[in-house]
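Below is one structure, written out as structure tokens; comments come after it.
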Amino acid sequence: MNPSPDTTIKIAIISDLHVMAPELLVNEGTAFEQYLNRDRKMLRESLEILDTLVSDIVELKPDLVLVTGDLTKDGERVSHQLVAGRLQRLVDASIQVLVVPGNHDINNPDARIYDGDTATPTDTITRSEFAKIYRQMGYDGQSRRDPDTLSYCRDVTEGLTILAIDACMDRLNTFVSRGDSRDHCKTSGSLEPSSQQWLVEQAAAAKAAGKRVIAMMHHHLVPHFHMEDTLAAPYMVDSAGQLCQRLVQAGVHVVFTGHLHISDISQTKVRDGEMVEVATAAAVGYPCQWRVATCNTATGKMQLRTISLHSLPSDPDFAERAQNVFKSCIPTMTHGVLTRYWPEISCAIDNYRSKHAFVMRYVDIPKTPEAIADLLLRHLQGPVTRTYIAFAEGNEGGSDNLSLVEELIDGVNHVVNETTRGILRPLAKAALRLRVYGIARLVLRSILEDRNDIGTKHESVINDHTAIISF
Ligand SMILES: [Fe+2]
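Residue numbering for the sequence shown follows the working numbering, beginning at 163 and increasing consecutively.
Now the structure itself:
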């Protein structure tokens with residue numbers, strides 16, 4: 163890309179495309195339905211969504227497009243080939259495209275062909291194949307590459323450098339077909355000290371050369387709610403606080419991310435300044451949003467706006483349909499997740515039962531994943547659904563949402579009422595009041611009032627959709 167004549171660069175950001183090549187769905191059936199129940203992505207529409215985004219972006223004519231990972235449903239070779247071909251339309255329109263992988267994209271045992279009630283493994287790709295397929299989109303000779311990951315550093319204009327960070331752990335994925343005991347795809351993110359050092363050095367060198375540096379990665383660096391690093395650890399890169407501190411010190415103040423399929427901007431203060439993280443919602447499901455950042459490299463100010471995809475060529479009411487799918491996904495997701503992780507959950511319950519035999523005499527935990535799901539849904543479905551929608555849409559702090567904190571805590575009380583008896587019921591409630599509800603309130607308020615660094619002197623609220631950010 164030629165250096166812009168002025169100091170303004172327009173960047174489009176898209177995330178979590180999760181494109182599924184149409185030939186992977188030979189016939190609808192229970193196998194594909196079961197997969198969808200885990201997480202209601204609009205996979206049947208995923209290619210049309212990408213095509214629509216690409217057309218909208220070509221019309222917008224940005225200088226640069228960043229894609230923050232999870233380009234494919236589950237790293238299928240055919241899906242990657244399709245995505246790269248579609249993104250090539252942007253490159254052909256003289257728009258530079260830079261991608262990083264997400265946790266679904268490489269060496270994934272869930273790469274499958276669905277035919278009725280069977281799901282048969284199909285080709286996934288290796289890390290070096292990812293770099294080959296997306297050579298034109300970050301992995302050619304113009305980028306400086308980390309030797310150990312798919313991270314790279316690239317000067318996109320005279321004044322701006324992009325630090326693309328790959329913290330995916332797909333090397334640890336397991337395959338029954340390769341002799342492992344189960345198929346498992348790692349969600350979490352981590353970086354070896356040598357890669358962290360490489361990234362920090364690259365950022366510092368670019369900064370010393372007078373450039374501004376923006377980072378992009380799939381996993382989160384700055385939490386989007388209180389205790390995300392504990393309660394949703396796989397969504398944050400390991401040791402996020404330390405890495406954040408080092409990147410800020412090296413002169414990086416903004417990172418674009420994806421992964422949790424939410425539209426949220428979080429910020430945190432560290433010793434040498436602050437880091438703002440702009441998480442972009444998934445393209446593949448409601449609220450189907452993408453971002454545009456107009457960056458002035460002279461002033462270091464970025465104007466950010468958010469665009470929602472309202473319709474598709476095949477469906478003028480796509481947004482409404484996607485919202486309905488999203489609203490209705492809580493029961494199937496609850497059942498799907500509990501069933502999928504039932505061996506681990508029942509093992510944890512049994513362990514607890516053997517260690518706390520006295521207490522457990524007064525506790526009635528349902529014995530099947532279906533019964534547990536029914537119990538939770540009976541008391542929590544309404545407020546959880548509204549919380550999930552507010553969280554994904556962004557700008558949660560509307561007055562409609564404020565009563566949700568109490569409704570959720572009320573729902574938990576009902577679950578406790580139903581699962582405890584005798585002396586334990588008042589004891590359990592007192593223990594929850596003492597040890598859990600204070601934390602739960604902070605977590606829920608950090609989501610529903612959209613607060614960053616909640617409970618500290620740096621507590622702040624940022625508009626999730628329209629913001630002016632220093633970079
Ligand atoms: Fe994703």
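Glycine included, every Cβ here is placed at the ideal spot set by N, Cα and C. Note that the structure is a prediction, hence the values are computed from the model and not measured.
Apart from the five residues on each side of it in sequence, which residues of its chain come closer than 6 Å, Cβ to Cβ, to residue i?
i	result
S177	T230, G420 and T442
T651	Given that the chain is displayed from residue 163 to residue 633, the structure contains no residue 651 and the question cannot be resolved.
T468	Q451, R453 and H627
T549	L566
What does the Cβ neighbour count give for residue i, buried or exposed, with the cut at 16 atoms within 10 Å?
i	result
Q404	exposed
V338	exposed
N123	No answer is possible for residue 123: it lies beyond the span of the chain, which begins at 163 and ends at 633.
L212	buried
L393	exposed
T496	buried
F387	buried
L215	buried
N164	Reliability fails at N164, whose pLDDT of 46 lies under 50, so the model's placement of it is uncertain and the value that follows must be treated cautiously. Looking at its Cβ environment, which holds fewer than 16 other Cβ atoms inside 10 Å, N164 is exposed.
H576	exposed
G264	buried
H541	buried
Can you tell me whether residue i is helix, strand or coil according to DSSP?
i	result
Q364	helix
D615	coil
P165	In this predicted model, P165 has a pLDDT of only 43, less than 50, meaning its place in the structure is not dependable; the value taken from the coordinates is given anyway. Reduced to three states, the DSSP call for P165 is coil.
P283	strand
A629	strand
E190	coil
I268	coil
E320	coil
D477	strand
I202	It is worth fixing the name first, because residue 202 is Arg in this sequence and not Ile. Coil, per DSSP.
V567	helix
V446	coil
Within the same chain, show all residues whose beta-carbon is closer than 7 Å to that of residue i, passing over the 5 residues directly before and after it, in chain order.
i	result
A484	M204, G447, Y448 and C450
V525	T581, T582 and L586
A593	none
K431	D615 and H620
G300	L260, V261, Y314, R316 and A326
L244	V181, A183 and L209
T547	K489 and I492
Return the bridge partner residues of residue i from the DSSP annotation.
i	result
I176	V229
C315	R306 and L325
C457	I171 and M464
E439	V417 and S428
M379	I327
G351	C330 and V399
W452	I469
I275	T282
R374	L322
H541	Paired residue(s): none; H541 is not in a bridge.
S622	N614
T336	H346
T234	V181
Q258	L226
V525	T582
Hey, out of the options, whose CA is closest to residue i's CA?
i	options	result
E291	N575, I275 and A246	A246
H381	S490, L353 and E221	L353
V384	L393, V605 and A402	A402
L409	L325, K373 and K489	L325
S470	I376, I507, T501 and I424	I424
V399	T549, D168, V623 and E439	E439
S305	P528, Q364 and R340	Q364
D572	K294, T311, M389 and G544	G544
R316	A329, D302, D310 and K489	D302
A552	L610, V578, V521 and G600	L610
D536	I175, V499 and Q358	V499
A377	S516, V318 and P309	V318
T187	R239, D277, T618 and G462	Residue 187 is actually Leu in this sequence, not Thr. Nearest of R239, D277, T618 and G462 to L187, Cα basis: D277.
D308	Q359, D279 and S241	Q359
Sorted by chain position, which residues of the same chain lie with C-beta nearer than 8 Å to residue i's C-beta, five sequence neighbours on each side aside?
i	result
L437	Before going further, note that residue 437 is Met rather than Leu in the sequence given. L383, V384, C406, L409, V410, V414, H415, V416, V417, Q429 and T430.
E210	L474, P475 and S476
I527	I511, I534 and T581
K223	K172, A255 and I257
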